[in-house]
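If you read the sequence shown in the numbering used here, its first letter stands for residue 11, the second for the next number, and so on.
Heads up, the beta-carbon is just placed ideally off N, CA and C, and yes, glycines get one too.
The structure displayed is predicted, hence computed values, not measured ones.
Written below as structure tokens is the structure these notes are about.
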Amino acid sequence: MFEFDYIIVGAGTAGCVIAARLAEDRDVTVAIVEAGGGDASPMIGIPGANVITGSKPEYNWNYRTEPVPALGGRRLYWAQGKILGGSSTINGMMYLRGHARDYDGWAAEGCDGWSYADLLPLFKRSETNERGASEIHGGSGPLDVSVGSSTAPVCDIFLEAAAEAGIPVVDDLNSPRGEAFGHVDLTIGNGRRSSASTAYLRPAMRRGNIHLFLQTPVTRILIERGSAAGVEVNLHGQSKILRARREVVLCGGPVNSPQLLMLSGIGPADHLREKGIQVSVDNPSVGENLQNHTMYKLMYSTRTPVSAYNHLRPAGLTMAGWQYATGRRGVLGRGLFPTVGFINAEESDPDTEIQVCMAPAIVNRRGPGLLGILPRSHGFTLLLNAGVPHSRGQVRLHSANPEDHAAIIPDYFSDPRDLDILAKGAARVRDMIHGSVLGSHVDQDISSPLPRDTIDEIKADIVANAANHYHACGTCRMGGDSASVVDPQLRVRGIEKLRVADTSIMPRMINANTCATAFVIGEKAADLIRAA
11 MFEFDYIIVG AGTAGCVIAA RLAEDRDVTV AIVEAGGGDA SPMIGIPGAN VITGSKPEYN
71 WNYRTEPVPA LGGRRLYWAQ GKILGGSSTI NGMMYLRGHA RDYDGWAAEG CDGWSYADLL
131 PLFKRSETNE RGASEIHGGS GPLDVSVGSS TAPVCDIFLE AAAEAGIPVV DDLNSPRGEA
191 FGHVDLTIGN GRRSSASTAY LRPAMRRGNI HLFLQTPVTR ILIERGSAAG VEVNLHGQSK
251 ILRARREVVL CGGPVNSPQL LMLSGIGPAD HLREKGIQVS VDNPSVGENL QNHTMYKLMY
311 STRTPVSAYN HLRPAGLTMA GWQYATGRRG VLGRGLFPTV GFINAEESDP DTEIQVCMAP
371 AIVNRRGPGL LGILPRSHGF TLLLNAGVPH SRGQVRLHSA NPEDHAAIIP DYFSDPRDLD
431 ILAKGAARVR DMIHGSVLGS HVDQDISSPL PRDTIDEIKA DIVANAANHY HACGTCRMGG
491 DSASVVDPQL RVRGIEKLRV ADTSIMPRMI NANTCATAFV IGEKAADLIR AA
């Protein structure tokens, strides 16, 4: 029998943070259990190699959603890290915190201790920002954060276009802001990806009190007399029990955490009985409140050589490889989307804000491997998403078999406001491009064969082509109300010694990528656990 003080289920972004912080007490033993494998491949640490490594099945769950009615019944690809460090090891490395009002909204919903003022010290504690320590940034934390850059002129031309449209161009998109464009912060240090594994877990494991189980799926939580006593795992093909003297903490993410709760008898009673699972706690909120950013892509070819195309041709890639090998320089040491903007679909309404991420190249996979993604001409790509979606989906079980993937039901655009905001935002971005200096460089809109001259036509194109982002959250909602899945201390209602700590606890989406928030959820959870 294996016994530890704490068991962390999932070595993802928050899980690695929690394990590392708890292990600062050398008298504590921590087990961290991960279904995926290690992150030792040198390619994983190369920022520019993300387009190759990010979707590999050995690193990514590569889920598929259930058919989405509002998207013509399409089933969408759904990325989630299945590797040490979780999605922080395979994502686009953007470090964006969102608005203060996002977190203040959580606090207003009863999540005491989760306002922006409460969390800012944890954001600062977690990072070493290349700008240095300041009122909003940390200078000595585990996570390396640098400012995105590109040698491709189109990035600066894009910022000029924003300025011509009257939108501020700022030095720091994590500072308090309204509409703004600028170079984005990235979890990159010295030309290497900085992940939860490299920044937190690996250094902490030198202390000797963290026990790492890789390729070890957790099949259920062991509940004894209303308390989490440990977990059942599949260890080398055999069922084993890991016991926790103090607490079990679920960090499996917005799909796997609610799935494991339901497999363990915690969730909607009728649904569990339908799957033949004995009910321990009837909580209809488990798996509900699923939110994600719906991604819409715009691509333009350019008549002038302003993109990164020359760096991505065979000769350019050879040079890029040499630059990276000799000094971690060049395009391989940078993020794919160095420039980001936030713009309101309705100019005067901040609740209609959309995010715009720019790649200085045409990003359109036509086939497998590196050759299938390399551009064939100069151009640029924009990824758009509405900031705070109104639609809500759910995660449910397909069966009581833990080897079966959960049913992911995103229910995008079930609230028509989301489609309206995204379409109007896309139209405003398009007008910004064509009404500025950037428009003089554009050759063709190559995004879609469908017409997109009117809002209704843009909506039809979104329905035909929208995809998922990496930003899912909400399925183990935190709240001060008894109907929530976890309380503001992240304790699962109805079961002792069990917490959830990942983006599934977010009651509402933030208006940004969720990786920075996942790091802070880990920091906050560690403080709550140590204070218990």
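Look at G337 here: in three-state DSSP terms it is helix.
Approximately 4 Å separates the beta-carbon atoms of P268 and T485; this is inside 8 Å, confirming the contact. Between A433 and I472, the gap from beta carbon to beta carbon is short of 8 Å. Counting every other CB atom within 10 Å of its CB across the protein chains shown gives N293 a total of 16 or more, marking it as buried. DSSP assignment within the segment 115-139 yields the following whole alpha helix (DSSP H) runs of 4 residues or more, N-terminal first: 126-136.
Inclusion of L448 and I167 in the CB contact set at 8 Å is warranted, their separation being smaller than that value.
For Y16, the secondary structure class from DSSP, reduced to helix, strand or coil, is strand. For G22, the closest C-alpha among the options R202, P163 and A511 is that of A511. Listed in chain order, the non-local C-beta contacts of C483 below 7 Å within the same chain comprise P264, Q301, T513, S514, M516, M519 and T524, local neighbours out to five positions each way being set aside.
Looking at the DSSP output, C367 sits in a beta bridge with V350 and L393.
For N266, the number of other beta carbons within 10 angstroms of its own is at least 16, and it is reported as buried. Here the alpha carbons of K134 and T197 stand approximately 14 Å from one another. Under DSSP, C483 takes part in a beta bridge, and its partners are Q301. Looking at the backbone, the Cα of N139 and that of G340 are separated by about 20 Å. Spatial neighbours of A89 in its own chain (CB-CB distance under 6 Å, excluding positions within 5 residues in sequence) are listed in chain order as N70 and Y480. In the displayed model, T312 falls within a strand according to three-state DSSP.
Counting along the chain, F191 sits inside the beta strand (DSSP E) bounded by residues A190 to H193. A distance below 7 Å between beta-carbons, with the five flanking residues on each side excluded, links K469 to the following residues of its chain, in chain order: L429 and A433. DSSP places I505 in the coil class of the three-state scheme, outside both helix and strand. Counting only runs of at least 4 residues, the segment 207-263 fully encloses the following alpha helix (DSSP H) elements, listed from N- to C-terminal order: 212-215. Put simply, the segment 50-67 does not touch the segment 296-310. Fewer than three CB pairs are less than 8 Å apart. Under the DSSP assignment, L153 falls in the beta strand (DSSP E) whose first and last residues are L153 to V157.
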